[in-house]
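Participant: The structure is given below, and queries will be raised subsequently.
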Amino acid sequence: MKKLWGGRFNQNTSKVVESFTESISFDYRLWKYDIQGSIAHAKMLGKQGIITSKDVSKIIKGLEEISRKIETGAFTFKEELEDIHMNIEAALTEMIGDAGKKLHTARSRNDQIALDLRLYLRAETQEIISLIKAFQKSIADTAEKHIENIMPGYTHMQRAQPVLLSHHLLSYAEMFQRDVERYRDSLKRINILPLGSCALAGTSFPIDRSYVAKLLGFNDISSNSIDSVSDRDFAIEFLSISSILSMHLSRLAEELVIWSSEEFKFIEMPDAFTTGSSIMPQKKNPDVAELVRGKTGRVFGNLLSLLTIMKGLPLSYNRDMQEDKIPVFDTVDTIKACLIVMTEMFPGIKFNTKRMNETAGDAFSTSTDVAEYLVKKGVPFRNAHEITGKIVLHCINNGIKLYELSLNELKLFSDKFNNDIFKYLRPEESIKNKKSSGSTSIAEVKKQIKKIKEKILL
Ligand code: ARG
Numbered sequence: 002m003k004k005l006w007g008g009r010f011n012q013n014t015s016k017v018v019e020s021f022t023e024s025i026s027f028d029y030r031l032w033k034y035d036i037q038g039s040i041a042h043a044k045m046l047g048k049q050g051i052i053t054s055k056d057v058s059k060i061i062k063g064l065e066e067i068s069r070k071i072e073t074g075a076f077t078f079k080e081e082l083e084d085i086h087m088n089i090e091a092a093l094t095e096m097i098g099d100a101g102k103k104l105h106t107a108r109s110r111n112d113q114i115a116l117d118l119r120l121y122l123r124a125e126t127q128e129i130i131s132l133i134k135a136f137q138k139s140i141a142d143t144a145e146k147h148i149e150n151i152m153p154g155y156t157h158m159q160r161a162q163p164v165l166l167s168h169h170l171l172s173y174a175e176m177f178q179r180d181v182e183r184y185r186d187s188l189k190r191i192n193i194l195p196l197g198s199c200a201l202a203g204t205s206f207p208i209d210r211s212y213v214a215k216l217l218g219f220n221d222i223s224s225n226s227i228d229s230v231s232d233r234d235f236a237i238e239f240l241s242i243s244s245i246l247s248m249h250l251s252r253l254a255e256e257l258v259i260w261s262s263e264e265f266k267f268i269e270m271p272d273a274f275t276t277g278s279s280i281m282p283q284k285k286n287p288d289v290a291e292l293v294r295g296k297t298g299r300v301f302g303n304l305l306s307l308l309t310i311m312k313g314l315p316l317s318y319n320r321d322m323q324e325d326k327i328p329v330f331d332t333v334d335t336i337k338a339c340l341i342v343m344t345e346m347f348p349g350i351k352f353n354t355k356r357m358n359e360t361a362g363d364a365f366s367t368s369t370d371v372a373e374y375l376v377k378k379g380v381p382f383r384n385a386h387e388i389t390g391k392i393v394l395h396c397i398n399n400g401i402k403l404y405e406l407s408l409n410e411l412k413l414f415s416d417k418f419n420n421d422i423f424k425y426l427r428p429e430e431s432i433k434n435k436k437s438s439g440s441t442s443i444a445e446v447k448k449q450i451k452k453i454k455e456k457i458l459l
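All residue numbers for the sequence shown refer to this note's numbering, where the first residue is 2 and numbers rise by one.
Below, the structure written as structure tokens:
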């Protein structure tokens, strides 16, 4: 087949090279954006008198027909036509004749691919934002349902202080909120039109880039044509924001895995979202959560992959950059799949609130409350810490819990103890006594739910 760029070549491209250099096997996914961009470009060429309005109509009609064909599966993508741009352009020329050959005036595949990828990432970023919001909503609803349930809060994976289960869950909603904000902020940088930069130097045609930007809903046009065809920061930013989101999803997934273990028994995963073992009949495995955790490796890898592709590239466009799409597509698919499955699974998780509550009071988790009690009675914090430590040691040596101590026993450690200490020793009291904003008291957590629900609506 004759190449669209074949003029200066005497030999046909080797078959091996064709299959080595093609990108149509993956960039076919950009077809909708490629056509959208070409229609806007053709309209602009017509408006500026660079091509005739008759040609513009032919081009638009042809592109719309190609769009229908692709949508219904009636379009054949050809490897020898290399990429999505040339597949569509060749089909257009075949369909409408000479007018099709004029579409590539004042344009290069270098600015075209930069445009397609920006349009694609703009749409996918918006979709990911709505998927995160749906998941946040599911988390906030679950938190609301469990507003009063207490669980042990951990540091160093050791029971530390009692917290509300709702408080713990909401911390993830907060992380995802920051992810939403990062994606939103990145849209400012994605939503800039590179088209019209052409190969790298711009063009001698009197094009109107702002008009194309307006047609495609871009906020601005890029300022430097060399930068526009060389820049993949916006894709790297997408991959890095997605990596942070993935890390958040993975931490939550990890907790679900641990919590569903026989050792913890904090939750039971819904049957529909777990799998069995081919040998051990009793097994019910949290594979969904494990895979969400596991897929994080791919998402991080994709970020590293594109950073590495870009790090040594001289200006401006280099073919290496064709490799950007594989990690970007994979991250989009992975992130969306993880968000969808987690959102569907979440409402089905049964929380074993009884066990959570029982374990919340173990391991001297209200020791900090005892120390704070003494401080309120005038003992300097460091001394209060020391006294409470001794009480804990006494309990460990005698095999009793803090709330099983009598007032007389407590008085052996400090004469500041009075009957009111018994309002500090149980997990429920610890929760009730919290006053600081953002803390684990029911009133504060209710505020957090209200706030995050407001943000989800924005
Ligand atoms: N398929 C190419 C890519 O993804 C499109 C741009 C090609 N430009 C070129 N001069 N070979 O980067």
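The C-beta atom is built at its ideal place from N, Cα and C for all residues, glycine as well.
Leaving out five residues on either side along the sequence, give the residues of the same chain with a beta carbon under 6 Å from the beta carbon of residue 7.
Facilitator: Counting only Cβ-Cβ distances below 6 Å, and skipping sequence neighbours, we find nothing.
Participant: Hey, how far is the Cα of residue 300 from the Cα of residue 252?
Facilitator: Residue 300 and residue 252: Cα-Cα distance of roughly 14 Å.
Participant: Taking only heavy atoms of the ligand ARG into account, decide whether any of them is closer than 7 Å to the Cβ of residue 114.
Facilitator: For the ligand ARG, at least one heavy atom lies less than 7 Å from the Cβ of residue 114.
Participant: Can you find the residues in the same chain that come closer than 8 Å, C-beta to C-beta, to residue 448, ignoring five residues on each side of it along the sequence?
Facilitator: Only 438 meet the Cβ criterion.
Participant: So, helix, strand or coil for residue 269, using DSSP?
Facilitator: In this structure, residue 269 counts as strand in the three-state DSSP scheme.
Participant: If we count the other Cβ atoms within 10 Å of its Cβ and call it buried at 16 or more, is residue 77 buried or exposed?
Facilitator: Exposed, since its Cβ has fewer than 16 Cβ neighbours within 10 Å.
Participant: Rounded to the nearest angstrom, how far is the Cβ of residue 326 from that of residue 26, given a contact under 8 Å?
Facilitator: Rounded, the Cβ-Cβ distance is 10 Å, inconsistent with contact.
Participant: Would you check if the segment 162-169 and the segment 140-153 touch, i.e. whether three or more CB-CB distances between them fall below 8 Å?
Facilitator: Yes: the two stretches touch, three or more of their Cβ pairs being nearer than 8 Å.
Participant: Whose CA, out of 343, 402 and 354, lies closest to the CA of residue 371?
Facilitator: Closest by alpha carbon: 402.
Participant: Going by beta carbon distance, what residues of the same chain come within less than 8 Å of residue 57, once the five residues before and after it are set aside?
Facilitator: Closer than 8 Å at the Cβ level, and outside the excluded window around residue 57, lie 43, 44, 46 and 47.
Participant: Which class does residue 12 belong to by DSSP, given the choice of helix, strand or coil?
Facilitator: Three-state DSSP puts residue 12 in coil, outside helix and strand.
Participant: Do three or more CB pairs link the segment 216-230 to the segment 311-321 at distances below 8 Å?
Facilitator: Taking 8 Å as the limit for Cβ pairs, the verdict is that the segment 311-321 does touch the segment 216-230.
Participant: Hey, which unbroken runs of the beta strand (DSSP E) at 3 residues or more fall wholly within the segment 247-322?
Facilitator: Runs found: none.
Participant: Buried or exposed for residue 100, please, with buried defined as at least 16 other CB atoms from any protein chain shown within 10 angstroms of its CB.
Facilitator: It is buried - the Cβ of residue 100 has at least 16 other Cβ atoms within 10 Å.
Participant: DSSP puts residue 466 in a beta bridge; with which residues?
Facilitator: No information on residue 466 is available, as it lies outside the stretch 2 to 459 that the chain covers here.
Participant: Tell me the rounded alpha-carbon separation between residue 460 and residue 93.
Facilitator: No answer is possible for residue 460: it lies beyond the span of the chain, which begins at 2 and ends at 459.
Participant: Could you tell me which of 241, 242 and 199 sits nearest to residue 224, measuring between CA atoms?
Facilitator: The residue with the shortest Cα to Cα distance from residue 224 is 199.
Participant: What residues are listed by DSSP as bridge partners for residue 233?
Facilitator: In the DSSP output, where bridge partners are listed per residue, residue 233 has none listed.
Participant: Going by the beta-carbon positions, is the gap between residue 82 and residue 75 smaller than 8 Å?
Facilitator: Contact: no.
Participant: Excluding the 5 residues flanking residue 290 on each side, which residues of the same chain have their C-beta closer than 6 Å to its C-beta?
Facilitator: Same-chain partners within the cutoff: 254, 257 and 258.
Participant: Beta-carbon within less than 6 Å of residue 376's beta-carbon, same chain only, minus the 5 sequence neighbours each way: which residues are those?
Facilitator: 382 and 385.
Participant: To the nearest angstrom, report how far apart residue 157 and residue 164 are at their CA atoms.
Facilitator: About 15 Å.
Participant: In this structure, how does DSSP classify residue 425 when only helix, strand and coil are distinguished?
Facilitator: Here residue 425 sits in coil by DSSP.
Participant: How many Å lie between residue 174 and residue 233 at the Cα?
Facilitator: Each residue's Cα considered, the two are about 30 Å apart.
Participant: With which residues is residue 152 paired in a DSSP beta bridge?
Facilitator: Answer is 164.
Participant: Pull up the DSSP beta-bridge partners for residue 159, would you.
Facilitator: Note: residue 159 sits in a beta bridge opposite 156.
Participant: With respect to 7 Å, is the separation between the Cβ of residue 322 and the closest non-hydrogen atom of the ligand ARG below this value?
Facilitator: Flag set: Cβ of residue 322 near the ligand ARG.
Participant: Grouping DSSP H, G and I as helix and E and B as strand, with all else coil, what is residue 221?
Facilitator: Correct three-state label for residue 221: strand.
Participant: Would you call the CB atoms of residue 145 and residue 450 closer than 8 Å?
Facilitator: Yes. Within cutoff.
Participant: Mind checking whether residue 237 and residue 307 have CB atoms under 8 Å apart?
Facilitator: A contact, by the Cβ cut-off of 8 Å.
Participant: Quick check on the DSSP output: the alpha helix (DSSP H) that includes residue 335 runs from which residue to which?
Facilitator: Element bounds for residue 335: 326-346.
Participant: Taking all protein chains shown into account, do 16 or more other C-beta atoms lie within 10 angstroms of the C-beta of residue 10, making it buried, or fewer, making it exposed?
Facilitator: With fewer than 16 Cβ atoms within 10 Å of its Cβ, residue 10 is classed as exposed.
Participant: Is any heavy atom in the ligand ARG found nearer than 7 Å to the beta carbon of residue 1?
Facilitator: Given a span of 2 to 459 for the chain in the structure shown, any question on residue 1 remains unanswerable.
Participant: Just the Cα atoms here: how many angstroms apart are residue 141 and residue 128?
Facilitator: About 20 Å.
Participant: Entirely within the segment 69-157 and at least 3 residues each: give me those beta strand (DSSP E) ranges in chain order.
Facilitator: For the segment 69-157, whole beta strand (DSSP E) runs of length 3 or above, ordered along the chain, are 151-156.
Participant: Is there at least one non-hydrogen atom of the ligand ARG closer than 7 Å to the beta-carbon of residue 226?
Facilitator: Checking every heavy atom of the ligand ARG against the Cβ of residue 226, none is found closer than 7 Å.
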